[in-house]
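J.:
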Amino acid sequence: INQIRMKIGVVFGNPETTTGGNALKFYSSVRIEVRRSEKIKKGDEIVGNRTKVKIVKNKVAPPFKTTEIDVMYNEGISIAGDVLDTGVKYEVIDKKGNSYSFGEIKLGVGREKAKATLRADQKLLEKIKKEIYKKIEEKEKEEN
Numbered sequence: 277i278n279q280i281r282m283k284i285g286v287v288f289g290n291p292e293t294t295t296g297g298n299a300l301k302f303y304s305s306v307r308i309e310v311r312r313s314e315k316i317k318k319g320d321e322i323v324g325n326r327t328k329v330k331i332v333k334n335k336v337a338p339p340f341k342t343t344e345i346d347v348m349y350n351e352g353i354s355i356a357g358d359v360l361d362t363g364v365k366y367e368v369i370d371k372k373g374n375s376y377s378f379g380e381i382k383l384g385v386g387r388e389k390a391k392a393t394l395r396a397d398q399k400l401l402e403k404i405k406k407e408i409y410k411k412i413e414e415k416e417k418e419e420n
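Going by this note's numbering, 308 is the number at position 32 of the sequence shown; the sequence numbering is gapless.
(1) In this structure, what does DSSP give as the bridge partners for Asp370?
(2) For Leu401, which residues of its own chain have a beta-carbon under 8 Å away from its beta-carbon, when the five flanking residues on both sides are left out?
(3) Does the segment 381-391 come within contact of the segment 325-340, defined as at least 3 CB pairs closer than 8 Å?
(4) Since Thr294 contacts Lys283 with CB under 8 Å, what's their CB separation in whole angstroms?
(5) Tell me the DSSP secondary structure of Thr362 in three-state form.
(6) Rounded to whole angstroms, what is the Cα-Cα separation between Asn298 and Ile408?
(7) Please identify the residue among Gly324, Glu292, Lys318, Gly296 whose C-alpha is closest to the C-alpha of Glu309.
(8) Please classify Val287 as buried or exposed, where buried requires at least 16 neighbouring CB atoms within 10 angstroms.
(9) Roughly how many angstroms lie between the CA atoms of Lys399 and Asp370, to the nearest whole one?
(10) Check Gly296 in the structure and name its three-state DSSP category.
(11) Tyr466 and Lys333: beta carbons closer than 8 Å?
(12) Where do the ends of the beta strand (DSSP E) carrying Glu314 lie?
(13) Suppose contacts are defined by Cβ-Cβ distances below 8 Å. Is Val455 in contact with Ile345 by that definition?
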């Protein structure tokens, strides 16, 4: 974990740099950039952050991948949020407007209500996970 600093006089390119010289950049195997993209609120209270994660350097897997995750206070990374986003991406969960559904099962209107439904029903969450894994396996077989 490191902080960023601004380079002085940079006209072109990214003026942000990490402290500690170039050694940390060269010797690290994985470098991840983590930024808050928005606050997650429940009424007026902030209950978490929507966080954008970008792989800046990776010697062990493909670099330059990005994703967004929900980091909830007193919970950590939201598994329900991850399953919801991945389910929409692989067309396991239908998103029409602001409502989410899995087959005939309505998950909720609004992202937070759909996440709450998944957190409350662990069997449904596991069923959706299995469907997502099947879709990923099918996609990998098609690519090979």
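A virtual CB, placed ideally from N, CA and C, is assigned to each residue, including glycine.
This structure is a prediction, so every number in the text was calculated from the model and none was measured.
T.: Looking at the atomic coordinates:
(1) As a working note, residue 370 is residue 94 in the sequence shown. According to DSSP, which records beta bridges pairwise, Asp370 is partnered with Ser377.
(2) The residue given as residue 401 occupies position 125 in the sequence shown. Ile355, Ala356, Val359, Leu394, Arg395, listed in sequence order.
(3) no
(4) Locating residue 294 in the sequence shown gives position 18, where the first residue counts as 1. Locating residue 283 in the sequence shown gives position 7, where the first residue counts as 1. Between Lys283 and Thr294 the Cβ distance is about 11 Å, and since that is not below 8 Å, they are no contact.
(5) As a position in the sequence shown, residue 362 is number 86, starting the count at 1. Three-state DSSP puts Thr362 in a helix.
(6) The residue labelled residue 298 in the question sits at position 22 within the sequence shown. The residue labelled residue 408 in the question sits at position 132 within the sequence shown. Using only the alpha carbons, I get a separation of about 40 Å.
(7) The count along the sequence shown starts at 1 and reaches residue 309 at position 33. Residue Glu292 is the option with its Cα nearest to Glu309.
(8) As a position in the sequence shown, residue 287 is number 11, starting the count at 1. By the neighbour-count rule (16 or more Cβ atoms within 10 Å), Val287 is not buried but exposed.
(9) By 1-based counting over the sequence shown, the position of residue 399 is 123. By 1-based counting over the sequence shown, the position of residue 370 is 94. Their backbone Cα atoms lie some 19 Å apart in a straight line.
(10) Here residue 296 corresponds to residue number 20 of the sequence shown, with the count starting at 1. In this structure, Gly296 counts as coil in the three-state DSSP scheme.
(11) In the structure as shown, the chain starts at 277 and stops at 420, and residue 466 therefore has no counterpart that could be examined.
(12) As a first step, residue 314 is located in the sequence shown; it is residue number 38 there, counting from the start. Unbroken beta strand (DSSP E) run through Glu314: 306-318.
(13) The structure shown has nothing for residue 455, since the chain only spans 277 to 420.
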